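S.K.: Read top to bottom, the protein sequences are chains X and A. Per my numbering, the first sequence starts with residue 1, numbered consecutively. Per my numbering, the second sequence starts with residue 1, numbered consecutively. Backbone N, C-alpha and C define an ideal beta-carbon position, used for all residues, glycine too. As the structure is a computational prediction, the values presented were derived from the model and not from experiment.
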Amino acid sequence: TQLLEQSPQFLSIQEGENLTVYCNSSSVFSSLQWYRQEPGEGPVLLVTVVTGGEVKKLKRLTFQFGDARKDSSLHITAAQPGDTGLYLCAGFNAGNNRKLIWGLGTSLAVNP
Amino acid sequence: SAVISQKPSRDICQRGTSLTIQCQVDSQVTMMFWYRQQPGQSLTLIATANQGSEATYESGFVIDKFPISRPNLTFSTLTVSNMSPEDSSIYLCSHFGGDPFEAFFGQGTRLTVV
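1. Who pairs with Gly91(X) in a beta bridge, going by DSSP?
2. With Val3(A) as the anchor, note down where its beta strand (DSSP E) starts and where it stops.
3. Please classify Ala79(X) as buried or exposed, where buried requires at least 16 other C-beta atoms within 10 Å of its C-beta.
4. Between which two residues does the beta strand (DSSP E) holding Pro71(A) run?
5. Closer than 7 Å, CB to CB, is Leu92(A) near chain X or not?
6. Would you report the Cα separation of Tyr129(X) and Gln28(A), rounded to the nearest angstrom?
7. Name, in chain order, the residues that DSSP records as bridge partners for Lys57(X).
8. Report the rounded CA-to-CA distance for Thr77(A) versus Ser5(A), giving the unit in angstroms.
9. Go ahead and label Glu86(A) buried or exposed: buried means 16 or more other beta carbons lie within 10 angstroms of its beta carbon, across all protein chains shown.
10. With C-beta atoms as the reference, is Gly103(X) less than 7 Å away from Glu38(X)?
11. Tell me which residues of the stretch 27 to 46 of chain X have at least one Cβ-Cβ distance to chain A shorter than 9 Å, keeping chain order.
12. Going by DSSP in three states, Glu102(A) sits in which element: helix, strand or coil?
13. Express the C-alpha separation of Phe65(X) and Asp71(X) in angstroms, rounding to a whole number.
14. Give me the Cα-Cα distance between Ile63(A) and Glu5(X), rounded to the nearest whole angstrom.
15. Does the stretch 100 to 111 of chain A come within contact of the stretch 51 to 68 of chain A, defined as at least 3 CB pairs closer than 8 Å?
16. Where does Glu15(X) land, buried or exposed, given buried means 16+ other C-beta within 10 angstroms?
17. Give the secondary structure of Trp26(A) by DSSP, where H, G and I count as helix, E and B as strand, and everything else as coil.
18. Spell out a yes or no on whether the stretch 40 to 58 of chain X and the stretch 6 to 25 of chain X are touching, meaning 3 or more CB-CB pairs, one atom from each, closer than 8 Å.
19. Name the chain A residues whose beta carbon is nearer than 9 Å to that of Ser107(X)?
Dropping the structure here:
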C-alpha cells in the first residue's frame, strides 16, 4: 500500500515568516501534486511535479520533487494571511487505477 | 477542465435518515470519485464511479451504506444511508481532467447528523 507522510500537520506562524511543508513516501510516484483548500471549497491544484529533482516556483511558493521521486517539499517565503488554508500533497501512478494517494494535509494559519 | 456543481452545500439530518448528494459536471467525464473529509484533514476515498458499471468501493465502505448512481457521463449521486453521528463529515465529488491531469472537485457537502 502506497502511503504519503505529510508534515507538519498544523502550523501557525506570523506574517512574513518562511515555512516548509514536507511530503515523504517509500514509494516512487510518476508525479506529485500540491493542492490548497479553503473552508467550504474543494481542493484546488497549485502545481504538478513530474521529473526527479524538478523545482517549480509559483510567486512566493517553491515546490521541489526529490531526485528519486519519493518525496516533495513546499516552501513559502514571507507568508501572508492569504496563504492560510489546508495544503495537501497527492501522489499519482498511472497503474494504480488512476487513484491519487493523499497526504494527511497541513493546516496553515498565517497571523497578521 | 470540467466544472463540478455539488449540492447540497450543507445539511443537518436526523439519525436513521438518508441524504443524497448530487454532482453535475459540465462536460462528459469517464471516472468520478467520491471522498469523505473531516474538517482540516485529508481526503479518504469512498468509491470510484464509472458510467454503466457498479461503483468500486474502498476498504471500509460498502454499497448498502453508500449507494452510488452514475446514470450518465455528467452526473453522479452518493447516498449516505441510515445515518449516524459518525457520518458527520464533508463529502466531496471529484474527477480527473486536463493535460497534465489534475483533480477537480465540487464545493463539498458539509453533513451534520444529530
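M.R.: According to the structure data:
1. Leu32(X) and Ile101(X)
2. Segment: none, Val3(A) is in no beta strand (DSSP E) and carries neither H nor E.
3. buried
4. Ile68 to Asn72
5. yes
6. No answer is possible for residue 129(X): it lies beyond the span of chain X, which begins at 1 and ends at 112.
7. Thr62(X)
8. 12 Å
9. exposed
10. no
11. Ser31, Gln33, Tyr35, Gln37, Pro39, Gly40, Glu41, Gly42, Pro43, Val44 and Leu45
12. strand
13. 6 Å
14. 29 Å
15. no
16. exposed
17. First, the amino acid is wrong: residue 26(A) is Asp here, not Trp. Asp26(A): coil per DSSP, three-state reduction.
18. no
19. Gly40 and Gln41
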